[in-house]
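For the sequence shown, our numbering assigns the number 17 to the initial residue and increments by one for each residue that follows.
Backbone N, C-alpha and C define an ideal beta-carbon position, used for all residues, glycine too.
Small disclaimer: the values here were computed from a predicted structure and weren't measured.
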Amino acid sequence: MMRNILLGLGVIGVSLIACQKESTMESIDKIDAHIHIRYGGTEVLQTAAANNFQLINILVDHNGFSEQAAWAKAQEEIDDGHIKTITTFSMVDWTNPGWQQSVIDQLAQDFEDGAIAVKVWKNIGMVERKPDSSFLMIDDPVFDPIFAFIAKEGKVLTGHIGEPRDCWLPLDEMIAESNRGYYSRNPQYHMALHPEFPAYEDHIEAVKRMLRKHSDLRYVGCHLASLEWSPSEMAKFLDEFPNAAIDMSARIDDLQYLDRQEVRQFCIDYQDRLLYATDLGIRNGDDPNRFCEKLQEVWQENWTYLATDSLVTIRGSETQAQGLNLPMPVLKKIYAENARRWYALEGW
Ligand SMILES: [Zn+2]
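Written as structure tokens, this is what we have:
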């Protein structure tokens with residue numbers, strides 16, 4: 017009898033340990049759906065594998081991207097079980113009549129080479145101008161054949177359009193300390209100082225008009241689709257566009273300043289539409305060990321915030337936020353299943 021009780025307690029003990037283990041960061045499959053790996057070493061992929069992470073490596077139309085593409089290829093050659101690439105296209109010569117076809121030809125080749133999606137960046141809306149000097153926005157008809165081609169190929173458009181709303185606010189009205197730091201160091205990007213540039217809402221509305229035109233296009237809005245300040249605005253966006261998801265890259269700290277209960281409920285209500293991501297990056301010449309340390313630190317901090325109810329210190333500030341303690345089925349979706357579904361990576 018005593019032996020049976022002890023055996024029974026032993027079983028409870030083992031299942032408690034199993035339960036505890038189940039909730040550590042390493043214990044579930046995860047995808048960092050937005051990262052920039054621009055070097056040829058193996059350290060990042062080793063760190064990813066050790067932490068049970070797969071990576072989605074994104075090229076950006078900034079200072080040309082052929083070098084980024086070569087590094088991305090090199091990373092896939094090291095271990096394509098742990099890394100996939102999102103390609104992009106260049107806006108150079110976009111007013112030339114042959115530009116659209118040359119972009120489509122390049123993307124066709126990129127898809128054949130394994131690219132899973134196409135990134136568009138904030139240079140559309142904030143840098144590129146039309147011949148009449150107005151800004152070229154993401155819903156401009158010049159993009160229509162390109163986006164139609166991406167949809168026809170069953171691929172995804174991944175968009176970083178606009179900036180966090182803080183960018184249009186005076187420094188002392190910004191929500192996130194990290195934004196205050198960034199825009200005080202980079203006044204050229206601080207839109208509150210540049211009223212001649214498109215307003216925050218102009219970018220948000222341009223994305224919506226584009227998605228209304230391309231209702232069959234799967235879309236991932238990077239950085240919480242630049243709606244990071246409002247769970248209800250994110251909810252409205254996701255409700256209107258069933259083919260859209262949002263990645264959380266570089267905006268988890270923005271969420272940490274908001275009402276915890278509201279953010280938690282949003283994550284639960286939209287558990288099928290959120291992709292975990294960091295937006296961290298390494299360039300050739302950076303110290304890979306330091307980068308990997310930071311990567312692991314951010315992954316762990318984000319896990320503590322999303323998966324537990326412990327207090328975390330918000331990056332770049334002294335403010336603390338309490339973790340969301342999301343249920344395990346929700347975590348599994350946000351951390352991997354949604355990225356797999358959106359980017360058609362079943363079996364990867
Ligand atoms: Zn990025």
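**Message:** Within a Cβ cutoff of 7 Å, which residues of the same chain sit near Ala208, ignoring the five residues on either side of it in sequence?
**Reply:** Reading the sequence shown from its first residue, position 192 is the one you call residue 208. Within the same chain, Ala208 has close Cβ partners Trp184, Leu185 and Pro186.
**Message:** Within the continuous beta strand (DSSP E) that includes Phe69, where are the two ends?
**Reply:** The residue labelled residue 69 in the question sits at position 53 within the sequence shown. Here the beta strand (DSSP E) through Phe69 covers Phe69 to Ile74.
**Item:** Residues near Tyr199 by beta carbon distance below 6 Å, same chain, minus five either side
**Value:** By 1-based counting over the sequence shown, the position of residue 199 is 183. Result list for Tyr199: His206, in chain order.
**Asked** For His239, which of helix, strand or coil comes out of DSSP?
**Response** Here residue 239 corresponds to residue number 223 of the sequence shown, with the count starting at 1. DSSP places His239 in helix when its eight states are reduced to three.
**Asked** Within the structure, which residues are defined as neighbours of ligand 1 by a Cβ-heavy atom distance below 6 Å, reported in chain order?
**Response** His50, His52, Ile74 and Asp295
**Request:** Let me know the alpha helix (DSSP H) ranges lying completely inside the segment 75 to 105, each 4 residues or longer, listed in chain order.
**Result:** Here the runs fully enclosed are 82 to 95.
**Neighbourhood of Phe213 by C-beta, 8 Å cutoff - its chain only, sequence neighbours within 5 removed** = One-based indexing of the sequence shown puts residue 213 at position 197. Cβ neighbours of Phe213 beyond the five flanking positions: Met142, Phe151 and Met207.
**Message:** Out of Phe69, Gly80, Phe282 and Glu92, which one is the CA nearest neighbour of Asp109?
**Reply:** The residue given as residue 109 occupies position 93 in the sequence shown. Measuring C-alpha to C-alpha distances from Asp109 to each of Phe69, Gly80, Phe282 and Glu92 identifies Gly80 as the nearest.
**Prompt:** Excluding sequence positions up to five away, which residues of its chain have a Cβ less than 8 Å from the Cβ of Asn341?
**Reply:** By 1-based counting over the sequence shown, the position of residue 341 is 325. Taken in chain order, the residues that qualify are Arg280, Ala323, Thr324 and Asp325.
**Message:** For a quick check, are the C-beta atoms of Ala133 and Tyr359 less than 8 Å apart?
**Reply:** Along the sequence shown, one-based indexing puts residue 133 at 117. Along the sequence shown, one-based indexing puts residue 359 at 343. Going by C-beta atoms, Ala133 is nearer than 8 Å to Tyr359.
**Message:** Helix, strand or coil for Phe213? Go by DSSP, reduced to three states.
**Reply:** Taking the sequence shown and counting its residues from 1, the one referred to as residue 213 is at position 197. Three-state result, Phe213: coil.
**Message:** Quick check on Gly56: does DSSP put it in helix, strand or coil?
**Reply:** For this step, residue 56 is matched to residue 40 along the sequence shown. Note: Gly56 maps to coil in three-state DSSP.
**Request:** Can you tell me which of the three DSSP states Gln62 falls into?
**Result:** Taking the first residue of the sequence shown as position 1, residue 62 is located at position 46. DSSP places Gln62 in helix when its eight states are reduced to three.
**Asked** Terminal residues of the continuous beta strand (DSSP E) containing Ala261?
**Response** The residue given as residue 261 occupies position 245 in the sequence shown. Here the beta strand (DSSP E) through Ala261 covers Ala260 to Asp263.
**Asked** Going straight from the alpha carbon of Gln70 to that of Tyr292, what length do you get?
**Response** The residue given as residue 70 occupies position 54 in the sequence shown. The residue given as residue 292 occupies position 276 in the sequence shown. Approximately 11 Å between the Cα atoms of the pair.
**Prompt:** Under three-state DSSP, which class holds Gln336?
**Reply:** Your numbering for residue 336 matches position 320 in the sequence shown. Strand.
**Request:** Helix, strand or coil for Val119, going by three-state DSSP, please let me know.
**Result:** Indexing the sequence shown from 1 puts residue 119 at position 103. It is helical.
**Message:** Check for me: the alpha helix (DSSP H) holding Val108 runs from which residue to which?
**Reply:** Locating residue 108 in the sequence shown gives position 92, counting from the first residue. Neither: Val108 is in no alpha helix (DSSP H) and is coded neither H nor E.
**Item:** Thr174, enclosing beta strand (DSSP E) - first and last residue
**Value:** To locate residue 174, count along the sequence shown from 1; it is residue 158. Judged by DSSP secondary structure, Thr174 falls within the beta strand (DSSP E) whose first and last residues are Val172 to Gly175.
**Request:** List in chain order: all unbroken beta strand (DSSP E) runs of 3+ residues lying wholly within the segment 280 to 361.
**Result:** 297 to 299, 327 to 329 and 336 to 338
**Request:** Compute the Euclidean distance between the alpha carbons of Ala64 and Glu334, then round it to the nearest angstrom.
**Result:** Stepping through the sequence shown from its first residue, residue 64 is reached at position 48. Stepping through the sequence shown from its first residue, residue 334 is reached at position 318. If I take the Cα positions, the gap works out to 29 Å.
**Item:** C-alpha gap between Glu374 and Asp95, whole angstroms
**Value:** This structure does not reach residue 374, given that the chain is present from 17 up to 364, and the question cannot be answered.
**Prompt:** Going by DSSP, what residues sit across from Lys229 in a beta bridge?
**Reply:** The residue labelled residue 229 in the question sits at position 213 within the sequence shown. Per DSSP, none; premise fails for Lys229.
**Where Met344 falls, given that 16 or more other Cβ within 10 Å makes a residue buried** = Translated into the one-based positions of the sequence shown, residue 344 becomes position 328. Classification for Met344: exposed.
**Run of the beta strand (DSSP E) containing Ala133, from where it starts to where it stops** = The sequence position of residue 133 within the sequence shown is 117, counting from 1. Here the beta strand (DSSP E) through Ala133 covers Ala133 to Val136.
**Prompt:** Can you tell me where the alpha helix (DSSP H) with Gln193 in it begins and where it stops?
**Reply:** For the purposes of this step, residue 193 is identified with residue 177 of the sequence shown, where counting begins at 1. Note on identity: in this sequence residue 193 is Glu, with Gln being the wrong assignment. For Glu193, the uninterrupted alpha helix (DSSP H) segment begins and ends at Glu193 to Arg201.
**Prompt:** Touching or not, the segment 300 to 307 and the segment 48 to 59, by the rule of three or more beta carbon pairs under 8 Å?
**Reply:** yes
**Item:** Sheet register partners of Arg234 (DSSP bridge)
**Value:** Walking along the sequence shown from the start, residue 234 turns up at place 218. In DSSP, Arg234 forms a bridge with Val172.
**Request:** Spatial neighbours of Asp155 within its chain, please: CB distance less than 6 Å, with the 5 preceding and 5 following residues excluded, ordered by chain position.
**Result:** What you label residue 155 is simply residue 139 of the sequence shown in a count that begins at 1. Within the same chain, Asp155 has close Cβ partners Ala222, Arg225 and Met226.
**Request:** Can you say whether Ser111 is buried or exposed, counting buried as having 16 or more other CB atoms within 10 angstroms of its CB?
**Result:** Locating residue 111 in the sequence shown gives position 95, counting from the first residue. Position check: residue 111 holds Thr in this sequence, whereas Ser was assumed. Under this definition Thr111 is an exposed residue.
**Asked** How should Glu93 be labelled, buried or exposed, when 16 other C-beta atoms within 10 angstroms of its C-beta is the threshold for buried?
**Response** As a first step, residue 93 is located in the sequence shown; it is residue number 77 there, counting from the start. Exposed is the call here.
**Asked** Taking DSSP as the reference, what is the three-state secondary structure of Asp148?
**Response** Taking the sequence shown and counting its residues from 1, the one referred to as residue 148 is at position 132. Reduced to three states, the DSSP call for Asp148 is coil.
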